[in-house]
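**Student:** Could you have a look at this structure, given as structure tokens, before my questions?
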Ligand code: ADP
């Protein structure tokens, strides 16, 4: 039999109920604060391309439209601002769907080496415009078969390699390396660019967080890329890690499982046995 008196037992129940309610209220307050911050961030980010587009269009309406040369220049700039607005909205939707768990992951088996070759091919033009060289290191005859959502891992590699190009110096180098161990494949994306200060390093995976120095640079994107990368890798039970030295460069790494190719015995071998 319990030695606690009925009164103490009731008190205990009341206390634990009060504690649970208190926690619930704190969670709700945190959520409300998070939402407020998020809306403030989004509004701020949306304002930039909207203001720019407005500026170009109003200048055109105020008379610049009569000059053929200026007209083309401003229309092109307005179109570019709208394109970046589109990318921002797309990224926000993706992130929102990921955070609310709506996005489904479709796992298939594919060779990670082929995927990275595709990503590098796609980014080659942007890299050469910045005079950045992309090097890909992997074993020639090793299959790097993994089981993952190919489209989403494409996005991860695209974001990381593009960042390594964007935040690099002129004539810089990006080195992508694949290392297969017994059960996993590690992907390293190394650049010799500006690097990230230690106080920023722990925050770069937050949505909209940008290192102050890069904030003003025109190559800065939506500030959502690394948040998306983190979520996609979490969906694969993997993690992104980073090490960086200011003035020297950064290395971003993640791993995916290595799937052993199924050995299909030849007909001859089967008949012999
Ligand atoms: P963005 O769209 O601004 O590139 P990301 O979420 O991809 O946003 O990255 C967040 C911030 O982290 C960037 O704005 C940049 O300041 C910093 N960063 C990301 N990758 C690198 C890198 N390879 N070298 C230096 N800084 C980087």
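Residue numbers (UniProt numbering): 86 to 358. For every residue, glycine included, the Cβ atom is placed at its ideal position computed from N, Cα and C.
#1: Which residue spans inside the stretch 153-228 form an unbroken alpha helix (DSSP H) run of at least 4?
#2: Distance check for residue 98 and residue 251, CA to CA, integer angstroms please.
#3: Just to confirm my understanding: we take residue 280, look at its own chain, exclude 5 residues before and 5 after, and list those with CB closer than 8 Å. What are they?
#4: So, for residue 175: in the same chain, excluding its five sequence neighbours on each side, which residues have a beta-carbon less than 8 Å away from its beta-carbon?
#5: Under a Cβ-count criterion, where at least 16 other Cβ atoms within 10 Å of its own Cβ denotes burial, should residue 318 be classed as buried or exposed?
#6: Can you confirm whether the stretch 162-174 touches the stretch 127-138 when touching is taken to mean that 3 or more C-beta pairs between the two stretches lie within less than 8 Å?
#7: Which whole-angstrom value is the C-beta distance of residue 276 and residue 259, which I expect to be below 8 Å?
#8: Residue 178: which of 255, 229, 292, 265 sits nearest, CA to CA?
#9: If you compare alpha carbons, which of 166, 343, 118 is closest to residue 268?
#10: Between the Cα of residue 290 and those of 278, 309, 282, spot the shortest distance and give me the residue it belongs to.
#11: Tell me whether the beta-carbon of residue 263 lies closer than 8 Å to the beta-carbon of residue 197.
#12: Run through the DSSP bridge pairs and tell me what residue 258 is partnered with.
**Tutor:** In this structure, then:
#1: 153-184, 197-214
#2: 58 Å
#3: 329, 330, 331, 332, 333, 334, 335
#4: none
#5: buried
#6: yes
#7: 5 Å
#8: 292
#9: 343
#10: 309
#11: yes
#12: 218
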